[in-house]
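>
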Amino acid sequence: MPQQQHQGKLTSGWMGIHRGHKARPLEWLAEKFIFLVSLSTILMVFLIFVFVAREALPIFLGKENSALIKPVIPPADIDKLKSEELRAYLNLTEKQFQKMDRETKVDLMLVKQEAQSEIPERLLNDPDAKLNTTEWGAMLKPRQWASYNKPEYIWQPIGQIHKYNIIPLFVGSLKITIIGLLFAVPLAVGAAIYISQLARPRVREVVKPVIEMLSGIPSVVVGFFALLIMATVMQKVFGYETRLNAFVAGVALSFSVIPLVFSIAEDALTSVPRSYTQGALALGASRWQTAWQIVLPAATPGVFAAVVLGFGRAIGETMIVLMVCSASVMSWSIFDSARSITTTIAAEMAEAVAGGHHYRILFMLGAILFAVTFVSNMLGELVIHRLKHKMEGKR
26 MPQQQHQGKL
36 TSGWMGIHRG
46 HKARPLEWLA
56 EKFIFLVSLS
66 TILMVFLIFV
76 FVAREALPIF
86 LGKENSALIK
96 PVIPPADIDK
106 LKSEELRAYL
116 NLTEKQFQKM
126 DRETKVDLML
136 VKQEAQSEIP
146 ERLLNDPDAK
156 LNTTEWGAML
166 KPRQWASYNK
176 PEYIWQPIGQ
186 IHKYNIIPLF
196 VGSLKITIIG
206 LLFAVPLAVG
216 AAIYISQLAR
226 PRVREVVKPV
236 IEMLSGIPSV
246 VVGFFALLIM
256 ATVMQKVFGY
266 ETRLNAFVAG
276 VALSFSVIPL
286 VFSIAEDALT
296 SVPRSYTQGA
306 LALGASRWQT
316 AWQIVLPAAT
326 PGVFAAVVLG
336 FGRAIGETMI
346 VLMVCSASVM
356 SWSIFDSARS
366 ITTTIAAEMA
376 EAVAGGHHYR
386 ILFMLGAILF
396 AVTFVSNMLG
406 ELVIHRLKHK
416 MEGKR
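Residue numbers (the working numbering): 26 to 420.
Here it is in structure tokens:
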């Protein structure tokens with residue numbers, strides 16, 4: 026008898042769920058639609074990464090050769106080459122190579138032969154003209170070029186000999202991002218502590234929306250402000266020579282980072298249980314002591330998450346940095362000009378020939394930037410997870 030009652034309850038429960046789906050078809054459809062949208066978003070991000078990585082793959086694998094002077098294969102020797110060797114020599118994709126007939130391939134070999142014969146005589150004995158600047162050694166190490174007095178890191182994708190050293194771009198991105206975070210994080214976290222713990226309700230209702238409204242200002246407007254006003258004022262105050270430099274770019278960049286860090290840090294501080302604050306005040310602590318010594322440590326995981334997301338926002342910013350400084354100078358000084366990875370991609374992609382060396386180098390930079398952002402977010406999640414366990418007293 027009890028078994029029959031149990032089966033009856035299961036049957037009635039299943040029928041109730043079944044009737045619920047029938048009675049609320051719109052809710053069921055909405056749930057499935059939201060699930061599909063979430064899944065499609067993840068799929069889209071994955072496909073974007075696959076596309077970027079595919080375009081950059083020849084650079085990663087070392088299959089590109091940007092040397093101006095290359096060994097020339099006479100068209101008469103076309104039958105002596107293997108298909109893979111001929112395709113690599115003509116710099117064609119597998120699909121392009123398969124579509125071409127023999128005559129077209131011979132014509133391409135003639136074009137390459139004529140192009141080599143048109144190289145200026147002064148470059149024939151230049152060792153730089155024989156260098157493959159898309160090799161990892163040329164992209165990461167300094168080189169003493171013919172017109173320079175010492176080894177230099179040079180990014181110069183124009184001219185007869187293209188120079189693709191990516192170190193100045195990484196140094197520029199690092200300088201500008203660190204400067205932006207050094208200005209944004211203390212201001213944003215300090216404002217979040219004040220608004221969440223110390224400010225009066227009326228002040229909170231006014232100041233919080235104003236700070237969050239900064240995120241609605243277009244980057245191009247911040248860039249114009251920095252270009253026309255901030256750069257001039259800061260040059261007069263600090264007295265440096267280069268008007269548009271990494272320091273100005275970093276300070277301007279902080280305007281776009283502050284709202285993000287503030288919003289997340291303020292939410293983390295507000296979510297700390299009120300019992301923490303009440304207990305500290307009951308023991309005689311001031312509101313400042315409670316905010317700095319009790320609430321802030323308890324909200325450390327959320328504040329750290331805000332900083333990590335602020336880093337991703339700063340390193341991915343393009344327009345502000347593009348308008349304020351865009352010279353790829355290799356220098357550790359914050360008062361020299363700099364160029365970030367994002368501004369390089371934005372400024373040069375339109376001029377790069379599809380499938381060319383410059384084009385693939387830019388996609389390689391995009392893939393590296395994607396990977397850096399992804400890894401930093403993953404490390405941030407790991408640190409946040411450990412901080413939460415530490416706060417909860419777990420190992």
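Note that the Cβ used here is the ideal one computed from N, Cα and C, for glycine as well.
Contact defined as beta carbons within less than 8 Å: I believe P100 pairs with L135. What is the distance between those atoms, to the nearest angstrom?
About 5 Å; that satisfies the 8 Å criterion.
> Assess, as a yes-or-no matter, whether the segment 278-295 is touched by the segment 335-342 under the definition of 3 or more beta carbon pairs within less than 8 Å.
Verdict: yes, contact present.
> Determine the burial state of P176: buried for a count of at least 16 other Cβ atoms within 10 Å of its Cβ, exposed for fewer.
By the 10 Å Cβ count, P176 comes out exposed.
> Which residues in the same chain as I186 place their Cβ atom closer than 7 Å to its Cβ, once the five residues preceding and following it in sequence are excluded?
Only L93, D153 and A154 meet the Cβ criterion.
> Could you say which of R364, T315, F360 and V286 lies nearest to Q303 if we only look at CA atoms?
Cα-wise, what sits closest to Q303 is T315.
> Specify, as a first and last residue, the run of the alpha helix (DSSP H) that D132 falls within.
Where D132 is concerned, the enclosing alpha helix (DSSP H) stretches over R127 to S142.
> According to DSSP, is K188 part of a helix, a strand, or is it coil?
In this structure, K188 counts as strand in the three-state DSSP scheme.
> By the three-class DSSP mapping on this structure, what secondary structure does E177 have?
In this structure, E177 counts as strand in the three-state DSSP scheme.
> Note the first and the last residue of the continuous alpha helix (DSSP H) segment covering F263.
Start and end: A256 to F263.
> Could you give the DSSP three-state label for R385: helix, strand or coil?
R385: helix per DSSP, three-state reduction.
> In the DSSP assignment, the alpha helix (DSSP H) including P50 goes from what residue to what residue?
Residues P50 to F85.
> Could you check if R385 is buried or exposed, using at least 16 other CB atoms within 10 Å of its CB as the buried criterion?
Result: buried.
> Indicate the three-state DSSP secondary structure (helix, strand or coil) for R112 in the structure shown.
Three-state DSSP puts R112 in a helix.
> Terminal residues of the continuous alpha helix (DSSP H) containing W313?
Start and end: R312 to T315.
> Whole angstroms are fine: how far does the CA of A256 sit from the CA of V247?
Distance between the alpha carbons of V247 and A256: 12 Å.
> Could you check the C-alpha separation between L308 and L412 for me, to the nearest Å?
Those two C-alpha atoms are separated by around 26 Å.
> Assuming M355 and I204 are in contact, meaning their beta carbons sit under 8 Å apart, how far apart are those beta carbons, in whole angstroms?
About 17 Å separates the two Cβ atoms, so there is no contact after all.
> Take L404 as the anchor and find which of A330, I183 and Q121 has the nearest alpha-carbon.
Of the listed residues, the one whose Cα sits closest to L404 is A330.
> Does the separation of the CB atoms of A78 and A392 fall below 7 Å?
Yes, these two residues count as a Cβ contact at 7 Å.
> Where does R225 sit, in a helix, a strand or coil, going by DSSP?
Note: R225 maps to coil in three-state DSSP.
> In three-state DSSP terms, what is R147?
Correct three-state label for R147: helix.
> Between L390, E406, T398 and F250, which lies nearest to W20 when the distance is taken from Cα to Cα?
Outside the modelled stretch of the chain, which goes from 26 to 420, sits residue 20, for which no answer is possible.
> Using three-state DSSP, classify R168 as helix, strand or coil.
Strand.
> Let me check understanding here. Comparing Cα to Cα, which of V273, G381, I409 and I370 lies closest to F395?
Closest option to F395, Cα to Cα, is I370.
> Across the segment 113-121 and the segment 196-214, are there enough close Cβ pairs to call them in contact, namely three or more that are closer than 8 Å?
Result no; under three Cβ-Cβ pairs closer than 8 Å.
> Can you give the Cα-Cα distance for A323 and L72, rounded to whole angstroms?
Distance between the alpha carbons of A323 and L72 is about 39 Å.
> Beta-carbon within less than 7 Å of Y265's beta-carbon, same chain only, minus the 5 sequence neighbours each way: which residues are those?
Taken in chain order, the residues that qualify are F360.
> Under DSSP, the alpha helix (DSSP H) around L306 begins and ends at which residues?
Start and end: R299 to A307.
> Would you kindly check if the distance between the Cβ of V320 and the Cβ of L347 is under 7 Å?
Cβ distance not < 7 Å, so L347 and V320 don't count as in contact.
> Are the CB atoms of R338 and V282 within a distance shorter than 7 Å?
In contact: V282 and R338 (Cβ atoms closer than 7 Å).
> Buried or exposed for N432, please, with buried defined as at least 16 other CB atoms from any protein chain shown within 10 angstroms of its CB.
Since the displayed the chain opens at 26 and closes at 420, residue 432 lies outside it and no answer follows.
> What first and last residue would you give for the alpha helix (DSSP H) that runs through D292?
That run of the alpha helix (DSSP H) goes A271 to T295.
> Considering only residues of the same chain and omitting the five flanking positions on each side of G327, which have a CB-CB separation below 6 Å?
Hits under 6 Å: A293.
> Quick one: grab the DSSP three-state call for F208.
Of the three classes helix, strand and coil, the one that applies to F208 here is helix, per DSSP.
> I want to see whether chain C comes within less than 7 Å of F122, judged by CB atoms only; does it?
Within the model displayed, chain C is absent; a lone protein chain is all it includes.
> Please state whether the Cβ-Cβ distance between F263 and A216 is less than 7 Å.
No; because the gap between Cβ atoms is not below 7 Å, this pair is not in contact.
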